[in-house]
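**Q** As you go down the protein sequences, you meet chains H and D in turn.
My numbering numbers the first residue of the first sequence as 3 and each following residue consecutively.
My numbering numbers the first residue of the second sequence as 6 and each following residue consecutively.
Provided herewith is a single structure, encoded as structure tokens, for subsequent inquiry.
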Amino acid sequence: MNDSVDRLRARGARVEAVEASAKMSAAELSAWFGDKQALRSITLPLIERKVTAIIGPSGCGKSTFIRCLNRMHEVVAGARATGDVLLDGKSVYGADVDPVRVRRRVGMVFQKPNPFPTMSVRDNVLAGLRLSGIDPPDTDALVEEVLGQAALWDEVKDALDRPGGALSGGQQQRLCIARCLALEPEVVLMDEPCSSLDPIATAKIEELIHDLRDRYTIVVVTHSMQQAARVSDYTAFFYLGELVEYDHADVIFTKPSDPRTEDYITGRFG
Amino acid sequence: MTQRALSTPPRSLRLSVEGNGGSADRTFGAIGAGAAGALGLVLIGVAASVARVAWPSIEATGLSFVTTSAWDPSRDVYGALAFAYGTLVTSFIALALAVPVALGVAVFLTDLGPRRFQRPVSSLVELLAAVPSVVYGLWAALVLAPLLRTTVQPALARVGGPLFRGPNVGFGVLCASLVLAIMLLPTIASVSRDVLRAVPAELREGALALGATPWDALRLVVFPHARRGVFGAVLLGFGRAVGETMAVAAVVGSRADISPSLFAPGYTMSSVIANEFPAASSELHVAALAEVGLLLFVVTVAFNVAARVLVARSREGAPRWREAAPRPGAGEAA
Ligand SMILES: Nc1ncnc2c1ncn2[C@@H]1O[C@H](COP(=O)(O)OP(=O)(O)OP(=O)(O)O)[C@@H](O)[C@H]1O
Ligand SMILES: [Mg+2]
Numbered sequence: 003m004n005d006s007v008d009r010l011r012a013r014g015a016r017v018e019a020v021e022a023s024a025k026m027s028a029a030e031l032s033a034w035f036g037d038k039q040a041l042r043s044i045t046l047p048l049i050e051r052k053v054t055a056i057i058g059p060s061g062c063g064k065s066t067f068i069r070c071l072n073r074m075h076e077v078v079a080g081a082r083a084t085g086d087v088l089l090d091g092k093s094v095y096g097a098d099v100d101p102v103r104v105r106r107r108v109g110m111v112f113q114k115p116n117p118f119p120t121m122s123v124r125d126n127v128l129a130g131l132r133l134s135g136i137d138p139p140d141t142d143a144l145v146e147e148v149l150g151q152a153a154l155w156d157e158v159k160d161a162l163d164r165p166g167g168a169l170s171g172g173q174q175q176r177l178c179i180a181r182c183l184a185l186e187p188e189v190v191l192m193d194e195p196c197s198s199l200d201p202i203a204t205a206k207i208e209e210l211i212h213d214l215r216d217r218y219t220i221v222v223v224t225h226s227m228q229q230a231a232r233v234s235d236y237t238a239f240f241y242l243g244e245l246v247e248y249d250h251a252d253v254i255f256t257k258p259s260d261p262r263t264e265d266y267i268t269g270r271f272g
Numbered sequence: 006m007t008q009r010a011l012s013t014p015p016r017s018l019r020l021s022v023e024g025n026g027g028s029a030d031r032t033f034g035a036i037g038a039g040a041a042g043a044l045g046l047v048l049i050g051v052a053a054s055v056a057r058v059a060w061p062s063i064e065a066t067g068l069s070f071v072t073t074s075a076w077d078p079s080r081d082v083y084g085a086l087a088f089a090y091g092t093l094v095t096s097f098i099a100l101a102l103a104v105p106v107a108l109g110v111a112v113f114l115t116d117l118g119p120r121r122f123q124r125p126v127s128s129l130v131e132l133l134a135a136v137p138s139v140v141y142g143l144w145a146a147l148v149l150a151p152l153l154r155t156t157v158q159p160a161l162a163r164v165g166g167p168l169f170r171g172p173n174v175g176f177g178v179l180c181a182s183l184v185l186a187i188m189l190l191p192t193i194a195s196v197s198r199d200v201l202r203a204v205p206a207e208l209r210e211g212a213l214a215l216g217a218t219p220w221d222a223l224r225l226v227v228f229p230h231a232r233r234g235v236f237g238a239v240l241l242g243f244g245r246a247v248g249e250t251m252a253v254a255a256v257v258g259s260r261a262d263i264s265p266s267l268f269a270p271g272y273t274m275s276s277v278i279a280n281e282f283p284a285a286s287s288e289l290h291v292a293a294l295a296e297v298g299l300l301l302f303v304v305t306v307a308f309n310v311a312a313r314v315l316v317a318r319s320r321e322g323a324p325r326w327r328e329a330a331p332r333p334g335a336g337e338a339a
């Protein structure tokens, strides 16, 4: 099934250009939890300054895939991966590569909001920078800017000293997005960023993703077809740990070539 | 917690389990409540009967029992202050030595140590906690005390000060504190390890994904989240130190003195009971030992209750965290 990229390549120059502009790419990436294989030889480019959506039924390995990209997969006891992930053409799994550095360049927003509950909203935003030993010249302006980007500023501007854990679930998720953006990563991985948000906040996040694509390479895992169709330039469909199909979003959602993709996006299974 | 949930199920549950389920639920509820009640009665019964035996001493000595340190059964003079002092001093020194090491071990087992070492070290800790205390006492008397006499205490004496002077026999407050520290170590380490493990993985991962090193994550999110439980583990260790008998009795030196020197022989509440009770001469002597037991009982129960409450609260985690659980489907609606 990882011939999707080959098939794309076979279509000619357009795709060659696409591959040349890959900010990151997974090459024959397989991942395991103990004996259980969660990913089967995934080869997939993530195009620079574009939004790539990953869709597929629950348990198909979407989270596992993006966690392999910033080396969070290995944090789980008993988890391992083979194959390779390239960032700007260099392996992030190289022997001399520090996972801490990879994670600063490849930011992540989790499925479940996880702000630091005892830290204030402001400190949550600044936490990543402080960890990197960066002391921004104007912290107030920076906090306002990133909270604004995450569509949270208006709601928390008077509560910057309240603990991050005291926000609502949706606000916490946007705080996590702000926390991630404050580090100005090159790639932003989002694992179902809207699953705890109401429709208004969801619309804000989608707008945000739209705006961010000029500066960041974005990967969004989502269960919402509409969302994937709205926000993504490229879409990958995973099924049972395999990459079934990868293409331009409009192609996937209008004329997918694999019947399983069609079944999934039309809601016949999953 | 479970007991309460069993004996008073929420209204909705009661409505939904009518018929067989309902009666089974009530039966288990009654058994649970009965068992819990029986345990409470045992506790109160033990305390009450010890108090009854101790009564002649309580009557005869009054407050001077806990304010004086003269203890002479042959003249029926009973003051337990030296025992309380010895217990507190040995327990505190033991904690001061054991806590840093135990926390280091716990952190190694959960966050910082290489995974392949974690399981064997974990088993080792459990094993150490399971060794009977009299074995530690034997080891302390045969190995530790001679080592202190020949090597450690002469070196400390050169440092000087009121703590490190006096007779150098090996047996004494320092030796008792050291063996206690060794015995507390696995207890505190294993409870702290469980508390640290109970910190939600999402919190650690949130920090790691921001480019935190494992140590940063520990400092930033794990410790703040687990600190109550770790404090509970320390209190639990303290309770164990206060109640420990055999190992201490073997090496503490058995003299009812209050001396600042750590080399000097001392006595503790539990070890005086173990040593003197079998040969207690008069009724008042027995009563006085029972009163020491009563003191010990009150102190250990208080510490254990406090410790368990703290550990349990910490396991529940920060309450706000649960509100943050995603509401599935909310995002789909847009
Ligand atoms: N910590 C873990 N230990 C063992 N198996 C795991 C673990 N996490 C995930 N898995 C397994 O790996 C597979 C892929 O899981 P993953 O979380 O990547 O799915 P997903 O596509 O993100 O699903 P969802 O849409 O429900 O979030 C699943 O079969 C799951 O059971
Ligand atoms: Mg997932």
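Using N, Cα and C, we set each Cβ at its ideal position, and we do this for glycine too.
These figures come from a predicted structure and were not determined experimentally.
With respect to the alpha helix (DSSP H) encompassing L210 (chain H), which residues constitute its N-terminal and C-terminal limits?
**A** Unbroken alpha helix (DSSP H) run through L210 (chain H): 201 to 214.
**Q** Alpha helix (DSSP H) containing D193 (chain H): first to last residue?
**A** It is not in any alpha helix (DSSP H) - D193 (chain H) instead sits in the beta strand (DSSP E) that spans 189 to 193.
**Q** Using DSSP's beta-bridge definition, name the partner residues of K38 (chain H).
**A** Bridge partners of K38 (chain H): H:F35.
**Q** For I49 (chain H), which residues of its own chain have a beta-carbon under 8 Å away from its beta-carbon, when the five flanking residues on both sides are left out?
**A** The answer, listed in chain order, is V20, S23, A24, K25, T219, D235, Y236.
**Q** Work out the CA separation of L86 (chain D) and T72 (chain D) for me, nearest whole Å.
**A** Taking the straight line joining both Cα atoms gives about 6 Å.
**Q** From L131 (chain H) to F35 (chain H), what does the alpha carbon distance come to, in whole angstroms?
**A** Each residue's alpha carbon lies about 32 Å from the other.
**Q** Look up R82 (chain H) in the DSSP assignment and give the residues it is bridged to.
**A** In the DSSP output, where bridge partners are listed per residue, R82 (chain H) has H:W34.
**Q** Going along chain H, which residues have a C-beta under 9 Å from P229 (chain D)?
**A** Within chain H, the residues near P229 (chain D) are F118, P119, T120, M121.
**Q** By the 10 Å Cβ neighbour count, where 16 or more other Cβ atoms means buried, how is G67 (chain D) classified, buried or exposed?
**A** The residue is exposed, with fewer than 16 neighbouring Cβ atoms inside 10 Å.
**Q** So is the beta-carbon of Q113 (chain H) under 7 Å away from any non-hydrogen atom of ligand 2?
**A** Indeed, a heavy atom of ligand 2 lies less than 7 Å from the Cβ.
**Q** Would you say V304 (chain D) faces chain H, with C-beta separation under 8 Å as the test?
**A** Chain H, which has no Cβ nearer than 8 Å to the Cβ of V304 (chain D), makes this no.
**Q** Answer with yes or no whether the minimum CB distance from G150 (chain H) to chain D is below 8 Å.
**A** Closer than 8 Å: no.
**Q** Closer than 7 Å to a non-hydrogen atom of ligand 1 - does that hold for the CB of G85 (chain H)?
**A** No, Cβ of G85 (chain H) sits at least 7 Å from all heavy atoms of ligand 1.
**Q** For a contact defined as C-beta to C-beta under 8 Å, what are the partners of V158 (chain H) on chain D?
**A** Neighbours of V158 (chain H) on chain D: none; closest Cβ ~15 Å, over 8 Å.
**Q** From H:C182, H:G269, H:L46, pick the residue whose C-alpha is nearest to that of Q228 (chain H); which is it?
**A** The residue with the shortest Cα to Cα distance from Q228 (chain H) is H:G269.
**Q** What do you reckon, are the CB atoms on A255 (chain D) and D262 (chain D) nearer than 8 Å?
**A** No; because the gap between Cβ atoms is not below 8 Å, this pair is not in contact.
**Q** Taking the beta strand (DSSP E) that T219 (chain H) belongs to, which residues open and close that run?
**A** Start and end: 219 to 223.
**Q** Give a yes or no on whether 8 Å exceeds the smallest Cβ distance from L89 (chain H) to chain D.
**A** For L89 (chain H), the answer is no, since every Cβ of chain D falls outside 8 Å of its Cβ.
**Q** What are the partner residues of M26 (chain H), as DSSP defines its beta bridges?
**A** Paired residues: H:L48, H:L89.
**Q** Can you find the residues in the same chain that come closer than 7 Å, C-beta to C-beta, to L114 (chain D), ignoring five residues on each side of it along the sequence?
**A** Correct list, in chain order: Q123, V126, S127, R198.
**Q** Report whether the distance from the Cβ of S65 (chain H) to the nearest heavy atom of ligand 1 is below 7 Å.
**A** Yes, the Cβ of S65 (chain H) comes within 7 Å of a heavy atom of ligand 1.
**Q** Indicate whether at least one CB of chain D lies closer than 8 Å to the CB of V99 (chain H).
**A** Cβ-Cβ to chain D under 8 Å: no for V99 (chain H).
**Q** Please classify A214 (chain D) as buried or exposed, where buried requires at least 16 neighbouring CB atoms within 10 angstroms.
**A** So A214 (chain D) ends up on the buried side.
**Q** Could you tell me how far apart the beta carbons of I68 (chain H) and L191 (chain H) are, in whole angstroms, since I believe they sit closer than 8 Å?
**A** About 4 Å separates the two Cβ atoms, so the contact holds.
**Q** Whole angstroms are fine: how far does the CA of R245 (chain D) sit from the CA of P191 (chain D)?
**A** Their Cα atoms are separated by approximately 11 Å.
**Q** Quick check: is any heavy atom of ligand 1 less than 7 Å from the C-beta of A40 (chain H)?
**A** Yes.
**Q** Which residues in the same chain as G172 (chain H) place their Cβ atom closer than 7 Å to its Cβ, once the five residues preceding and following it in sequence are excluded?
**A** Taken in chain order, the residues that qualify are S198, L199, D200, A203.
**Q** Taking C-beta pairs closer than 7 Å, name the residues in chain H that T218 (chain D) reaches, listed in chain order.
**A** Per Cβ cutoff of 7 Å: V102.
**Q** Over what stretch of residues does the beta strand (DSSP E) that includes V245 (chain H) continue unbroken?
**A** Note that residue 245 (chain H) is Leu in the sequence shown, not Val. That run of the beta strand (DSSP E) goes 244 to 250.
**Q** Report the residue from H:A238, H:A205, H:E186, H:K206 whose alpha carbon sits nearest the alpha carbon of V221 (chain H).
**A** The candidate whose alpha carbon is nearest that of V221 (chain H) is H:A238.
**Q** Starting from the Cα of S96 (chain D), find the closest Cα among D:L152, D:G34, D:S182 and give me that residue.
**A** Minimum Cα distance to S96 (chain D) is reached at D:S182.
**Q** Between the C-alpha atoms of P151 (chain D) and L132 (chain D), what's the straight-line distance to the nearest angstrom?
**A** Straight-line Cα distance between these residues: approximately 26 Å.
**Q** Is H75 (chain H) near ligand 4, in the sense that its beta carbon is under 7 Å from a heavy atom of that ligand?
**A** This structure lacks ligand 4; the ligands present are ligand 1 and ligand 2.
**Q** Between K114 (chain H) and chain D, is the shortest Cβ-Cβ distance under 8 Å, so that the two count as touching?
**A** For K114 (chain H), the answer is yes, since a Cβ of chain D falls inside 8 Å of its Cβ.
**Q** In angstroms, rounded to a whole number, what distance separates the CA positions of K114 (chain H) and L208 (chain D)?
**A** Cα to Cα, the separation comes out at about 10 Å.
**Q** List, in order along the chain, the chain H residues whose C-beta lies closer than 9 Å to that of R120 (chain D)?
**A** Within 9 Å Cβ-Cβ: A79, G80.
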